[in-house]
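J.:
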Amino acid sequence: TPRLWHPSEDQELLSLGLGMTNISDRATARADELAKDELLAGRQTLEQKIKDYQPKVLAILGITAYRTAFHQHKATIGRQPDDLHGAILWVLPNPSGLNAHYQVDDLAQVYGEMKQAL
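Under my numbering, the first residue of the sequence shown carries the number 1, and numbering increases by one thereafter.
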C-alpha cells in the first residue's frame, strides 16, 4: 500500500483493489484450535466472496488452515498450482509470533516472492 493503514481503515483497501477476510470468524491463537467443520464452512463463505468480488490474487495466511479447509494435505507455502475461481492462489505463513517456523527474515522472503510474482 502507499502508506501504513490503521486496522479501522480496512474497508478503504477496496479502493486499491485489495481486501481482507478470514476463513473463520472465531479468533484463536492457533489454527489447530478451529474445528474441521468451521474451516470447511469458512471455505464456502470465502469461495462465495471470491465469486462476488473476483480478485486477481488470493493470499491465505496459514498452511494448516488452508490444508484442512481446502483438502490439500500436501500443500506447501507459496503459489498453489490451481487457481480459485479465477484468483491466483498463494498460501503464506501466518505472521503470528507463535509461528516458530518463520522468523521475520523468513517471512519477508516468502512475502517478497509473492510480490515479485505479481
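Each residue gets a CB set at the ideal place from its N, CA and C atoms; glycine is no exception.
Check each candidate in E47, S15, N99 and L16 and name the one with the smallest Cα separation from I88.
T.: The residue labelled residue 88 in the question sits at position 88 within the sequence shown. Checked all of E47, S15, N99 and L16; the closest Cα to I88 is E47.
J.: Since Q54 contacts G86 with CB under 8 angstroms, what's their CB separation in whole angstroms?
T.: Sequence index remark: in the sequence shown, residue 54 carries index 54 (1-based). Sequence index remark: in the sequence shown, residue 86 carries index 86 (1-based). Correct: roughly 6 angstroms between the Cβ atoms.
J.: Should R68 be labelled buried (16 or more other beta-carbon atoms within 10 Å of its own) or exposed?
T.: One-based indexing of the sequence shown puts residue 68 at position 68. First, the residue type needs correcting, since residue 68 is Thr and not Arg in the sequence shown. The residue in question, T68, is buried, as its Cβ has 16 or more Cβ neighbours within 10 Å.
J.: In three-state DSSP terms, what is G112?
T.: For the purposes of this step, residue 112 is identified with residue 112 of the sequence shown, where counting begins at 1. Correct three-state label for G112: helix.
J.: Going by Cα to Cα distance, which pick from G112, Y66, L61 and Y111 is closest to N94?
T.: Numbered from 1 along the sequence shown, position 94 holds the residue referred to as residue 94. When only C-alpha atoms are compared, the closest one is L61.
J.: Over the uninterrupted alpha helix (DSSP H) stretch that includes L14, give me the two end residues.
T.: Here residue 14 refers to the residue found at position 14 of the sequence shown. Element bounds for L14: n/a, residue is neither H nor E.
J.: Helix, strand or coil for L40? Go by DSSP, reduced to three states.
T.: Taking the first residue of the sequence shown as 1, we reach residue 40 at position 40. If DSSP states are grouped into helix, strand and coil, L40 belongs with the helices.
J.: Among all the DSSP beta bridges, which residues are the ones paired with R26?
T.: Taking the first residue of the sequence shown as 1, we reach residue 26 at position 26. Answer is none; R26 lacks a bridge partner.
J.: Helix, strand or coil: which one does DSSP assign to A59?
T.: If you number the sequence shown from 1, residue 59 lands on position 59. DSSP places A59 in strand when its eight states are reduced to three.
J.: Pop quiz: R43 and I23 are said to be a contact at Cβ under 8 angstroms. What is the actual Cβ separation, rounded to whole angstroms?
T.: Translated into positions along the sequence shown, residue 43 becomes position 43. Translated into positions along the sequence shown, residue 23 becomes position 23. So it is a contact: roughly 7 angstroms between Cβ atoms.
J.: Can you look up A100 in the DSSP assignment and give me helix, strand or coil?
T.: Here residue 100 is taken as the residue at index 100 of the sequence shown, counted from 1. Looking at A100 - three-state DSSP - the assignment turns out to be coil, as it is neither helix nor strand.
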